[in-house]
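Participant: Counting with my numbering, you get residues 13 to 187 for the letters of the sequence shown. Yeah, the Cβ is synthetic: ideal placement off N, Cα and C, and Gly gets one too.
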Amino acid sequence: MYMHSFTGGSTLLSLGLIFILYTMFVLWRNVIHESTLEGHHTKAIQFRLRYGFILFIVSEVMSPFAFFQAFFHSPLVPAVEIGGIWPPRGIGVLNPWEIPSPNTLIPLSFGAAVTWAHHAILTRKEQQAVYALVATVSLALVLTGFQGMEYSQAPFTISDAIHSPTSFSATGFHG
């Protein structure tokens, strides 16, 4: 709502961000408190925390497959309701060589920076680990800025057709 200048959109965006950050803070504060000060993390709880994290990683790996299937199904089998053509009439498309290109390359750079940080931590090179983590966070901020520009300049809105919500959701996973 904020990207398309709806009334109250910035307020909702700010409130949502505040609630997410508060929830993350309280959750991780409790996990750290229970594990370090209270010593309540038995083997069963440690197993469940690891299992939950593994399920989270698996869901993150599988989610793009669903979006790619939805994204490719629409142009390969266009619906009769939109005239059997892709893209539908009246829907503008983004130039893939402008903002979408860096938005594809930056997440690939995330992987390199995080791998660099991981190896630096394993080899106990603290200074390199800090540089790598700063690079990762910087790339995340740059990607978020590019996505904001892409969303605000997109020639379509989330309510235009099946392509729009699929596109916004799939690209929103990165930032």
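1. Three Cβ pairs or more, each shorter than 8 Å: is that satisfied between the segment 85–93 and the segment 106–117?
2. From this set, Ile111, Trp128, Val126, Ala129, which residue's C-alpha is nearest serine 164's C-alpha?
3. Below 8 Å on the Cβ atoms is my guess for phenylalanine 168 versus isoleucine 103; work out the distance and round it to an integer in Å.
4. Report the three-state DSSP secondary structure of leucine 155 (helix, strand or coil).
5. Give me the residue from Glu162, Leu33, Thr35 with the minimum Cα distance to proline 108.
6. Terminal residues of the continuous alpha helix (DSSP H) containing isoleucine 170?
7. Taking only runs that begin and end inside the segment 48–132, name each unbroken alpha helix (DSSP H) of 4 or more residues, in chain order.
8. Of all the CB atoms in chain B, is at least one closer than 8 Å to the CB of serine 150?
9. So, under 8 Å CB-CB, alanine 144 and alanine 152 are touching, yes? Tell me the CB distance rounded to an integer number of Å.
10. Compute the Euclidean distance between the alpha carbons of tyrosine 63 and alanine 141, then round it to the nearest angstrom.
11. Which residue marks the beginning of the alpha helix (DSSP H) containing phenylalanine 37, and which one marks its end?
12. By the three-class DSSP mapping on this structure, what secondary structure does phenylalanine 180 have?
13. So, under 8 Å CB-CB, threonine 156 and phenylalanine 122 are touching, yes? Tell me the CB distance rounded to an integer number of Å.
14. Pick helix, strand or coil for serine 164, following the three-state DSSP scheme.
Facilitator: Let me lay it out:
1. no
2. Ile111
3. 5 Å
4. helix
5. Glu162
6. Element bounds for isoleucine 170: n/a, residue is neither H nor E.
7. 55–88
8. Absent from the structure is chain B; it holds one protein chain and no more.
9. The Cβ separation is near 13 Å, so there is no contact.
10. 27 Å
11. 21–44
12. helix
13. With 8 Å as the limit, threonine 156 and phenylalanine 122 do not qualify as a contact, their Cβ atoms being about 12 Å apart.
14. helix
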